[in-house]
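Sequence order for the protein chains is A, B and C. By the count of this note's numbering, the first sequence reaches residue 175 at its end, each step adding exactly one. By the count of this note's numbering, the second sequence reaches residue 120 at its end, each step adding exactly one. By the count of this note's numbering, the third sequence reaches residue 452 at its end, each step adding exactly one. These notes are about the structure you will find just below.
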Amino acid sequence: MESVTGGITRRALLQVTGTVGLSSLVVPILGHSRRASAQGNPANLVPEEPVDATMKRLFAGRPIKDGASVIKLDAPLIAENGAVVPVMIEVDVPMTAQSYVKAIYVISDKNRRPMNVKFGLTPAMGQAYVGTNLRLGETTDVRAVVEMSDGSLLQTKREVKVTVGGCGG
Amino acid sequence: MTEIGRVRIRLPSAIKAGAIVKARVLVIHPMEIVQRKDGKVVDKNYQFINRVVVSYLDREIGQFETTQSVSENPFFTFAFKATEPGVLRVIFFDTHGGKYEGTADVKLS
Amino acid sequence: MPRACLAVPPWAAMIAVVAVGCAGSAVETPTARSAQAAWSGTSAVSSSGSSVSRAIPEARGDITTLADGRTVAVRYPGWTTEDFGRFRTYAYGDTRPEVPISRVPMPVGTGDSKRGRALFLDRRLGPCTGCHLVQGEDVWPAGNVGPDLSIYGDRHLPREYTFDLVYDPRHVFPHTVMPPWGAAGVLSPADVVDVVAFLDTQRGPVPAEKDVERDPKTRGKPTGFGDNLDPTNNPAVLRAESADDRWATKGPAGKACADCHAGGVLAAMKGVATRYPQHVVKYGRVMSIEDFLAVHGPETTGISLAEESADNLDLTVRIKMASNGMPVNLDLGKPENAAALARGKSSFNRKVGQRDHACADCHTADGGRGAGKFLGGRLLVDVTSGMTRHFPTWRTSVGDVWDMRKRLQWCMTPLGTNMLAADAVEYAELEMYLTSFDQGQPLSVPGIRH
């Protein structure tokens, strides 16, 4: 488990990105990053890929059960635009030291890079409840994949239609 | 875009000891998305928040890995168990080495 | 030579009542600027010639001429630069008629129904689906301002009738809001023949609807973006707080807003915004908060505050926040305001542009007009419900704050008419008319919308 020290400053923070989807590594500050290896350069981003490739990369073929009975995934039926789409996920399981929701992945199937965010949780949160605003490229299924502390996986999904065009812009 | 890194956290006004509290946080940030010119991806260091660390009473309780497909001026909500008075701290890290922090005092009623 | 109807006699400017109640501000002697016609119309290069816009360059409605003689519009980044100058604008001096009613013989030939469908759905044109539903799971999102055409072909109307109707609906339906697609040059006669061919394919039985959202009749209404005044929901609230610094910081003239307006923005400006837009005697014209700041700021503090600049927008939001919860309270009994209101109403009903539209066509509900219906995926708001009390608003689709003027300027693009300068008096008086429907309703600024 990585620790975050108070000493991290605004100086460039190099991050090794070969391990996207797992706990990210923090390397010590090496000074100002060079453009070629900067975190935000396309070479260091997750590849554009179909959602099946994302799912394979993240979960390597592990079985994913239907979590519809315990996962509440709130998202609008119709989003007025793809720029700000509010989603909220709540998992109806206790959060104890022995068994807790370790991660919630939000994935939008039709996005060029399907994974929007991975929420990492701990028992101290008391409840598996997270929310954010997503960017969607087009009408798509949005799915929540829940990883439990024992490594088991559950998912649920729903379609969000994205409104396009119109005189309002 | 004014003031990258301005953070606001909101907590409920009355918090009982041991209650599960829902926090809301927003940070001003462009969350730059990949640009294309003539169909090709423009090669530059896109500035977006890629990590969010939540700590309470100086202990990390959550960490979010975020991407360019989180909306500009990112908003997050999450729960935490308010066991004692203390500081809730949310730190945002971006791809340009930026570190932006917001705190909220957890007071118990 | 200032336009007579808007010029302020020099003696009136001496009785300058500065509307924001600034106890410390001097009554200024009239300058050439305040005696001049109060910046109306399009831009400095327009034929009216009397405008002195105080907006940022991309908000002035300017038209420039390229080396090859083509004219292009100077616009906000990403907006179309097409010059619609051949079509009527909102400028008071623009006395040109609407697109003339016209009729042409229908070209020979059966038309291409597949091409016609592509034209029907093309967002660079109508799209026709903006107002009319037709068959197809890919039709998203269609509107219902116009009739559902899913079984139009079953009516077996003469092809020439449909051709005439699409080419210029006005000689079939004199009070229609449907644009004159052919007469205005959006569709060629050959294009219209293809559309006619497509409409002929729209026959029953219509497939069972798999998706209730596809049909605007059964589609759910938009649910909005939550609490507009929550700073963890609306970035514009956080952004406006930075205006407090602007207020307290001295400008090039050695003064800050705070020097005359003590106690911070929220205290000093409480109630002020409820009276705007209004006729300001000192400047001889109707002004919104934005218009006033663009002149008052540089005069007193030397700070630019150009209309549509971030400083102007943030200060406007902050000044309006000082009146949040208070009812809009325009002084419509004052003769200058009443006269301006009448002109604004006239603008609201004025048909302009390539599309030959008036604001009323979308934003009133009677006579087949659009309010309460979907235009494409957008639910059209009725002007009588009040459209201004949450402006300026955060726009999630653009990630920025828009004031009423920028929203009006944006409308110009789908109408196919050149925009005027953001601070044009025509827009100010139109804004006053729109605001009159918010009279008595509480301000809630900034809003948060698509």
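Just so you know, even glycine gets a beta-carbon here, dropped at the ideal spot from N, CA and C.
Item: Jot down the residue ranges of each uninterrupted alpha helix (DSSP H) in the region 46-70 of chain A, minimum 4 residues, whole runs only, in chain order.; Value: 57-65
Item: So A/Arg119 contacts chain B; which residues on that side make the cut at Cβ distance below 9 Å?; Value: Val45, Thr78, Gln79 and Ser80
Item: Run through DSSP, which three-state label would C/Arg216 get?; Value: coil
Item: So which residues of chain B does A/Gly126 contact, with C-beta pairs closer than 9 Å?; Value: Gly73, Gln74, Phe75 and Glu76
Item: Check C/Trp404 in the structure and name its three-state DSSP category.; Value: strand
Item: Rounded to the nearest angstrom, what separates C/Val539 and C/Leu381 at their Cα positions?; Value: With chain C running from 3 to 452 in the structure shown, residue 539 of chain C is simply not present.
Item: Return the CA-CA distance between C/Lys454 and C/Phe200, expressed in angstroms with no decimal places.; Value: No information on residue 454 of chain C is available, as it lies outside the stretch 3 to 452 that chain C covers here.
Item: Is C/Asn235 near the ligand NAP, going by C-beta to nearest heavy atom under 7 Å?; Value: Ligands in the displayed structure: none, and consequently the ligand NAP is not present.
Item: Using a beta-carbon distance below 8 Å, is C/His173 in contact with chain A?; Value: no
Item: Compare the C-beta of A/Ala150 with all C-beta atoms of chain C and state if any pair is closer than 8 Å.; Value: no
Item: Curious, which full-length beta strand (DSSP E) runs of at least 3 residues does the region 233-288 of chain C contain?; Value: 280-282
Item: Whole angstroms are fine: how far does the CA of A/Val170 sit from the CA of A/Leu142?; Value: 12 Å
Item: Taking C/Ile321 as the reference, give the member of C/Arg72, C/Ile58, C/Arg125 and C/Ser244 with the closest Cα.; Value: C/Ser244
Item: Out of B/Gly109, B/Asp116, B/Ser120 and B/Leu119, point me to the one whose CA is closest to B/Val167's CA.; Value: Look at the range of chain B in this structure, 12 to 120, and you will see that residue 167 of chain B is not part of it.
Item: Please state whether DSSP places C/Trp183 in a helix, a strand or coil.; Value: coil
Item: For C/Arg371, count neighbouring C-beta atoms within 10 Å of its own C-beta (all shown protein chains included) and say buried if the count is 16 or more, exposed if not.; Value: buried
Item: Could you pull the DSSP bridge partners for A/Asn139 from this structure?; Value: A/Pro92
Item: Taking CB distances under 8 Å as the criterion, tell me whether B/Arg21 reaches chain A.; Value: no
Item: Let me confirm a value: C/Leu436 is counted as buried when at least 16 other C-beta atoms fall within 10 Å, else exposed. Which label applies?; Value: buried
Item: By the three-class DSSP mapping on this structure, what secondary structure does A/Ala130 have?; Value: helix
Item: For C/Leu315, is the classification buried or exposed, using 16 other Cβ atoms within 10 angstroms of its Cβ as the cut-off for buried?; Value: buried
Item: I'd like to know whether the C-beta atoms of C/Val395 and C/Pro448 end up nearer to each other than 8 Å.; Value: Before going further, note that residue 395 of chain C is Thr rather than Val in the sequence given. Taking 8 Å as the Cβ cut-off, C/Thr395 and C/Pro448 qualify as a contacting pair.
Item: For C/Glu215, return the contacting residues in chain A, with the cut-off set at a CB-CB distance below 7 Å.; Value: Leu83, Ile84 and Lys167
Item: Below 8 Å on the Cβ atoms is my contact criterion, and I expect B/Arg19 with C/Thr234 to pass it. Report the Cβ-Cβ distance as a whole number of Å.; Value: 5 Å
Item: Run down chain C in chain order and give the residues with a C-beta less than 8 Å from the C-beta of B/Leu37.; Value: Pro233, Thr234, Asn235, Pro237 and Leu240
Item: May I ask you to report which of helix, strand or coil DSSP gives A/Ile110?; Value: strand
Item: Grab me the residues of A/Ala103's own chain with a C-beta within less than 7 Å of its C-beta, minus the 5 sequence neighbours each way, in chain order.; Value: Pro129
Item: Please state whether the Cβ-Cβ distance between A/Ser75 and A/Lys108 is less than 8 Å.; Value: no
Item: Would you mind sorting A/Arg68 into buried or exposed? The rule is 16 or more other CB atoms within 10 Å of its CB.; Value: exposed
Item: Please determine, among C/Lys219, C/Ile305 and C/Asp293, the residue with the shortest C-alpha to C-alpha distance to C/Gly256.; Value: C/Ile305
Item: In whole angstroms, what separates the C-alpha of B/Pro125 from that of C/Ala430?; Value: The question about residue 125 of chain B has no answer, for chain B in this structure spans 12 to 120.
Item: Let's see if you can read the secondary structure: which residues bound the alpha helix (DSSP H) around C/Arg345?; Value: Pro337 to Phe350
Item: When you compare the CB of C/Gly80 with every CB in chain B, is at least one pair closer than 8 Å?; Value: no
Item: Identify the contact partners of A/Gly46 in chain B, using a Cβ-Cβ distance below 9 Å as the criterion.; Value: Glu43, Lys55, Asn56, Tyr57, Gln58, Phe59, Asn61, Gln79, Asp105, Thr106 and His107
Item: Excluding the five sequence neighbours on either side, which residues of its own chain have a C-beta within less than 6 Å of the C-beta of C/Arg345, listed in chain order?; Value: Glu431
Item: Could you check whether C/Glu310 and C/Ile58 sit closer than 8 Å to each other, using their CB atoms as the reference points?; Value: yes
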